[in-house]
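Heads up, the thing below is written out as structure tokens.
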Amino acid sequence: MSGPSLKTYSLFAAKEIKDFYLDDPCPKIFPQARVILIVFEKLVFEKFSNPTRDIKFIQPTIFSSYELKHHPSLDAFLGDTCKGTSAAPTYLPAHRFEVQDSDGCVRKFNLIDGGVAANNPALIAMNQVTKEVSRGNSDVFSMKPLEYNRIIVLSLGTGTTTAKGGGRYDADEAAKWGIVGWLTSDGSTPLVDVFTQASCDLVDFHLSTVFQALQSEDNYLRIQVAICDLDDTFTGELSSVDIASDENLQNLVRVGEELLKKPVSRVNLQTGAFEPLNKGTNEDALKRYNYYLAN
2 MSGPSLKTYS
12 LFAAKEIKDF
22 YLDDPCPKIF
32 PQARVILIVF
42 EKLVFEKFSN
52 PTRDIKFIQP
62 TIFSSYELKH
72 HPSLDAFLGD
82 TCKGTSAAPT
92 YLPAHRFEVQ
102 DSDGCVRKFN
112 LIDGGVAANN
122 PALIAMNQVT
132 KEVSRGNSDV
142 FSMKPLEYNR
152 IIVLSLGTGT
162 TTAKGGGRYD
172 ADEAAKWGIV
182 GWLTSDGSTP
192 LVDVFTQASC
202 DLVDFHLSTV
212 FQALQSEDNY
222 LRIQVAICDL
232 DDTFTGELSS
242 VDIASDENLQ
252 NLVRVGEELL
262 KKPVSRVNLQ
272 TGAFEPLNKG
282 TNEDALKRYN
292 YYLAN
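In terms of the working numbering, the sequence shown has 87 at position 86, counting the first letter as 1, and numbering is strictly consecutive.
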């Protein structure tokens, strides 16, 4: 996610993301809770001048340049939307801010991480594009709503934590849990694991089915990794969202590089396992996408 430059292009190139996180935010944001907001505001508001969920109304809030044209009250600072969409419960604080439109009307936002509603935002992105096509938006080239062969979707996962053997929790174990057990068990958070992973998998299942039905299967690519399938040189810290040690960050980089060499796969909803599709590697698929976009 990046702010636009003066020429409306992204302010930074994708290749700069890795060094940006390794050199600046991660080591500073996570070690000391008391500096989280100070560092975040410096990095985001100064450097740049998504979905979230409004807990006051218990409704998802979608910030996009398309929606802004129809709802001026969504004209929030990029920094505010970033703080809202990253406010994962128990990790970062909920974020409250206000937006005043040109008519003087004020809208108040009380946001937490949109992952509680849409941990995989690919379906929301497709919804936005389809809506603009239906509206006849000239920015979304001339196409019909179901012309999925003219749309390319790259969906990047952040890793799943299913245990080896295809399981994580069992009913006998969960039946003994109370509120505390569902919130924390053996260093994990079962309730969060269940609803976030279910959300991701169902979106993947839905989009892959739709693209297949519209004879555009190769136009949808989901790249995801199961932490349990990695070799034993990686530590258990890899699946954590708040461990920013040099070792863990470098391991994450290594996982990403190795993932490029993995075959294009899709999750089997019956087993939770990733199954190769005989369509080459993820790197091959990305090169095809690059060719499509360039031509």
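Glycine is no exception: its CB is placed at the ideal position from the N, C-alpha and C atoms.
Might you give, ordered along the chain, the residues of its own chain that have their beta carbon closer than 8 Å to the beta carbon of residue i, omitting 5 neighbours on each side?
i, result
"L260", "I224, V226 and N283"
"L278", "P264, V265, S266 and R267"
Starting from the C-beta of residue i, find all residues in its chain whose C-beta is less than 7 Å away, skip the five residues before and the five after it, and write them out in chain order.
i, result
"V254", "K19"
"F297", "Residue coverage of the chain in this structure runs from 2 to 296, which leaves residue 297 outside it and unanswerable."
"A15", "none"
"L184", "T190 and L192"
"C106", "S74"
"A88", "P94, A95, H96, L112, I113 and D114"
"Q198", "T161"
"M144", "V134 and R151"
How would you write the range of the beta strand (DSSP E) that residue i sits in, first residue to last?
i, result
"K280", "F275 to T282"
"L112", "V107 to D114"
"Q216", "Per DSSP, Q216 belongs to no beta strand (DSSP E) and is neither H nor E."
List the residues that DSSP assigns as beta-bridge partners of residue i.
i, result
"A15", "Looking at the DSSP assignment, A15 forms no beta bridge with any residue, so it has no partner."
"Y221", "V154"
"T161", "A227"
"F98", "F110"
"S186", "S189"
"P264", "T282"
In terms of residues, what are the limits of the alpha helix (DSSP H) holding residue i?
i, result
"R151", "From DSSP, R151 is part of no alpha helix (DSSP H); its letter is neither H nor E."
"Q271", "Q271 -> no alpha helix (DSSP H), and no H or E assigned at all."
"M127", "A123 to R136"
"D247", "D247 to L261"
"K177", "Looking at the DSSP string, K177 is not in any alpha helix (DSSP H), and its letter there is neither H nor E."
"T1", "Shown here, the chain extends from 2 to 296; a query on residue 1 therefore has no answer."
With a threshold of 6 Å on Cβ separation, who are the neighbours of residue i within its own chain once the five nearest residues in sequence on each side are excluded?
i, result
"L75", "F64, E68 and L69"
"S156", "A123 and R223"
"E99", "V107 and K109"
"Q101", "V107"
"A77", "V100"
Our contact map puts residue i next to residue j with C-beta atoms below 8 Å; I'd like the distance itself, whole angstroms only.
i, j, result
"P146", "S135", "6 Å"
"I113", "P90", "6 Å"
Any heavy atom of the ligand SAM closer than 6 Å to the CB of residue i?
i, result
"E258", "No copy of the ligand SAM appears in this structure; indeed no ligand is present at all."
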